[in-house]
Amino acid sequence: MTIYLLSTFLVVDGRMIQMIKIFFIYFFYFASFNLHAGDAGSETGFKIPRFVSLKSNDVNLRKGSSTNYPIVLNYTKKNLPVEIIDEYDQWRKTNDIEGNQGWIHKNLIKGDRFAITNQNYISPLQIKNKPQGRVIGTIGKN
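Using the UniProt record's numbering, read the sequence shown as starting at 1 and increasing by one per residue.
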């Protein structure tokens with residue numbers, strides 16, 4: 001058996017196996033899209049999980065996806081970030097920063113994203129697109 005490298009082609013007994021190489025490149029390229037893709041929500045088609053924020057200073061977190069279910073807790077802070085982990089009809093199942101899980105009506109959340117810091121900073125934190133990159137946002141009071 002004769003094996004030698006000719007430019008970018010690997011030749012084995014006179015047969016080019018370039019097609020195998022191309023197959024693996026395309027296979028891993030397209031497979032990588034599926035690894036990072038989240039499931040789409042059944043109601044909105046948006047990626048799940050995703051982050052949103054509370055629209056009001058009075059939002060009830062419920063045990064189920066209806067006003068017939070008991071209230072688990074009441075949020076009193078507008079713009080609090082929550083993670084949507086499921087959708088059903090007009091309701092979104094959420095997780096908050098403390099691990100509380102329940103259902104919130106879609107009219108009480110918005111797509112804006114906010115962050116929580118655990119310290120008071122003198123100046124806002126800067127968010128950069130990469131180390132030593134350009135500033136793409138800030139966190140903190142402006």
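Even for Gly, the Cβ is constructed at its ideal location relative to N, Cα and C.
The structure presented is a predicted model; accordingly, all values stated were derived computationally and were not measured.
Distance check for N68 and I116, CA to CA, integer angstroms please.
Using only the alpha carbons, I get a separation of about 31 Å.
Alpha-carbon spacing of F46 relative to A40, whole angstroms:
One C-alpha to the other measures close to 5 Å.
N100: which of V82, R113 and D58 sits nearest, CA to CA?
When only C-alpha atoms are compared, the closest one is V82.
Could you tell me if E87 is buried or exposed, where buried requires 16 or more neighbouring beta carbons within 10 angstroms of its beta carbon?
Per the 10 Å Cβ criterion, buried.
Beta-carbon within less than 7 Å of T8's beta-carbon, same chain only, minus the 5 sequence neighbours each way: which residues are those?
Bear in mind that a pLDDT of 49 at T8, under 50, signals an unreliable position, so the number given afterwards is only what the model happens to contain. Cβ neighbours of T8 beyond the five flanking positions: none.
What runs of the beta strand (DSSP E), each 3 residues or longer, lie entirely inside the region 52-89?
Fully contained in the region 52-89 are the following beta strand (DSSP E) runs of length 3 or more, in chain order: 59-62, 71-75 and 81-88.
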